[in-house]
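Chemist:
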Amino acid sequence: MAYNFRNRNLLNTRGAYLGSSGSDSESQDDSDPDFLTPSRTPRRSTQNNTARAGGASSIRNLSGKRSRGNGEERRRGRRERHRRRRKRKFSQVPQAQISRRTVLSWLIGLGVIEEDEVVWYVAAQSGNILGEGKVNREGILCSCCSGQLTVEEFEVHSGRKTRKPYQHIYLAGSQVSLLDCQIEAWEDKEEEETRKFNNIQPASKAVDRYDDACMICADGGDLICCERCPSTFHPRCIFMEIIPQGDWLCPYCICKYCGNGNGNGNGLLMQCSQCEKKYHLRCGGEPLDLMNPPVVFCGSSCRKIYEGLHNLLGSQNALHDGLTWTLLQRIDEPFTGSYGEEEYKRIQCNSKIAVAWLVMNECFLSTIDRHTRTNIVQSIVYNRGSNVTRINYSGFYTAILEKNDEIISVASIRVHGKRLAEMPFIGTRGEYRRLGMAYVLENCIESTLCSLKVEKLVIPSVNQLTGMWMDKYFFSRVQEERLVKELSLYNTVMFPSSVVRLYKNLAMLPDLNLSPEEKEGHF
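Heads up: the sequence shown is residues 1 to 523, going by full-length UniProt numbering.
1) Tell me the DSSP secondary structure of Tyr121 in three-state form.
2) Do Gly131 and Ser174 have their beta-carbon atoms positioned less than 8 Å apart in this structure?
3) Helix, strand or coil for Phe154, going by three-state DSSP, please let me know.
4) Between the Cα of Arg228 and the Cα atoms of Pro460, Ser498, Val388 and Leu420, which residue gives the shortest distance?
5) From Ser366, Ala123 and Glu153, pick the residue whose C-alpha is nearest to that of Ser177; which is it?
6) Would you identify the three-state DSSP class for Lys472, choosing helix, strand or coil?
7) Got a sec? Which residues, its chain only, sit under 7 Å from Val462 by beta carbon, not counting five neighbours each side?
8) Return the first residue and the last residue of the alpha helix (DSSP H) that Trp248 is part of.
9) Can you look up Ala213 in the DSSP assignment and give me helix, strand or coil?
10) Phe475 and Lys504 - do their beta-carbons sit closer together than 8 Å?
11) For the region 342-384, list the beta strand (DSSP E) runs that are entirely contained and at least 3 residues long, ordered along the chain.
12) Look up Thr13 in the DSSP assignment and say whether it is helix, strand or coil.
13) Have a look at residue 546 and Gly417 and give me their C-alpha separation to the nearest angstrom.
14) Quick check on this structure: which residue in Asn136, Glu155 and Val112 has the alpha carbon closest to the alpha carbon of Ile129?
15) Nearest to Glu192 by alpha carbon, out of Gly133, Gly427, Ala354 and Asn491?
16) Please identify the residue among Leu420, Lys352 and Val377 whose C-alpha is closest to the C-alpha of Leu107.
17) Taking Cys283 and Cys250 to be in contact with their CB atoms under 8 Å, please state how far apart those CB atoms are, rounded to whole angstroms.
18) Which value, in whole angstroms, describes the spacing of the CA atoms of Ala507 and Arg414?
19) Buried or exposed: where does Phe396 fall if 16 or more other Cβ atoms within 10 Å of its Cβ makes it buried?
20) Contact between the region 400-408 and the region 318-327: three or more CB pairs below 8 Å?
21) Go ahead and pull the three-state DSSP assignment for Ile408.
22) Does the structure place the region 470-488 close enough to the region 229-247 that three or more beta carbon pairs sit under 8 Å?
Pasting the structure below:
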C-alpha cells in the first residue's frame, strides 16, 4: 500500500522525549493517549510482627549436617519466617539518606535486615560460630576487635576464605543467611516492578498500534511506519530519498545481509543474541548450538564479543588504591538453592545491579519517556526488554567501580557488534567527584572493548561538558555524514537534538590503568 504519513505534532506539544523532573511519579495526564503501559495492581501494605527468633541451639542446622528434607525448602521456610517476623522500615530508612551505597545498605534500606543487628560467621561443616559482629551500612563491626570490616574481610577475620561470605554469615536472631536476605530483597514486589518486561500496548481508543516517536531522533511529526513492528521513522533520519509505495520494513525487521524479511524462500529470521540484528541462516550466521538453543549469533565476531562479556560478568577486577571494577548484567534465572559458583555469582550481580540503580538515581534526574512512561535510566541499568524496539534495553551491561564494598561510580554500556558500542550514562557519587573515578571506570570499559576488537564508542554529552569529553577523554564530534548514516543503522539510546553525540576510535588505545612495569611487557 502507499504510505500516508501521520502528523504526530499534536501529540508532541507537551515537551521533548527526555524529560527532567524530580520524581518518577509524574502525572499520567502527560502520557501519550495512544501508547500506554498496562496498569498494574497497586501494592498493598502489610503489617508484620517484629518477634525475633532467639537462641543458638539450632545453629548446627545451618550447616545442614543434622537436617533432613530438601535444603532449598528449608532455606525458603527460614526466609518466609524471617519475612513474617521483620518489620518493614521504608519510611524510617529512606534510600536517599543512606551515606554508603553497599549491598548491606540496600538490605537495610529495604528493611530486610536491621542496622546494628548481630550477625555470626558460621563454619560450613561444623556449624560452629567463628565470628560475631554487628551489621551496618558500611560493613560489619567486629565484636572482638571493634574493627569496621567489609563482608569479605569479616570472613577472613573469622579464619575462612570461601569467597562466598554472604552464604556463611547469618543473622543471629532469625538464623537466616545474608545470601537468603539478598534473595528476599530481590524478590520484593517493589524491586520486581523495577525490572519487569516493558510490554507496551496501544490504548483501547488508540488510532493505531504505532509508536509516536522516531526511532532515531525521538521526535514526532511526519513518520513512516514499519509493517512488522511498532517502530516509526522520519524519512530524513534514515536518509530515505524516495518514499516506498508498497509494504516497507524497518532496518530491525529485515535480514542484515540480504535486506529482505521473512518469506520469499529465505526462511525465518533469527535475531543475534549480541547485536540484536536479524538474519537468515542461509544468508549468514553461525550454525545453531542445539545445546544452547536460545543463544544464536549472526557471525563469529558477535559470538566472541558475547562470550568475552559473559566471561567477565560478576568477576571483580583489582585496580590501584583498593579500587575494583566489575561488569554486571541482570540475569533472571530461577534459584535452585544449590548456591554453586554460578548461582552465588548471579545473586551478587543482581544485588549490585539494584545498588547501581540507586547510584544512578542520585546522579541523574528522572528521565521519563513521555510516550510510554518508562524510566529510561532505570530500564537501562536493569537491562529491561520491551516489545517496542527503541525502549528495548535487554542488551545493556552495567560497569561499576567499588572501594571497600561501596559502589562509587556506575556506567551503562551496550555493544552493537564489532563496529559500535555506546555508553549513554556514566555517573559518580557526589563525594567522589573530581577524583578521577569516572576516568578510571571509563578507561576500564575502553580497555575491555579494545580487547573484544570493538571499533568505536559513542556517548551523548550536554553542551557544557563537550569540551571536557573532547580534551580529557579524546572524543570527537559525530559530524561526518558517513558516521551519522552508520549510527542510524543501530538502536542507540535516543536523546534530544540539543545533546551532542561524540565518538572515539578504540583501535590501538593504551590501557592507562597499567603500571609502568606492566606497560613495558604489554603488547
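For glycine and all other residues, C-beta sits at the position ideal for the given N, C-alpha and C.
Modeler: Checking against the coordinates, here is how it stands:
1) strand
2) no
3) Here Phe154 carries a helix assignment [DSSP, helix/strand/coil].
4) Val388
5) Check the Cα spacing between Ser177 and each of Ser366, Ala123 and Glu153: the tightest is with Ala123.
6) helix
7) Counting only Cβ-Cβ distances below 7 Å, and skipping sequence neighbours, we find Val499.
8) No alpha helix (DSSP H) contains Trp248, which DSSP labels as neither H nor E.
9) coil
10) yes
11) 366-369
12) The predicted position of Thr13 is uncertain, since its pLDDT is 31 and thus under 50; a value taken from the coordinates is nonetheless stated next. In this structure, Thr13 counts as coil in the three-state DSSP scheme.
13) Residue 546 is absent from the structure shown; the chain starts at 1 and stops at 523.
14) Glu155
15) Ala354
16) Lys352
17) Not confirmed; about 18 Å, so no contact.
18) 18 Å
19) Phe396 is buried by the Cβ-count criterion.
20) yes
21) For Ile408, the three-state secondary structure derived from DSSP is strand.
22) Short answer: they touch.
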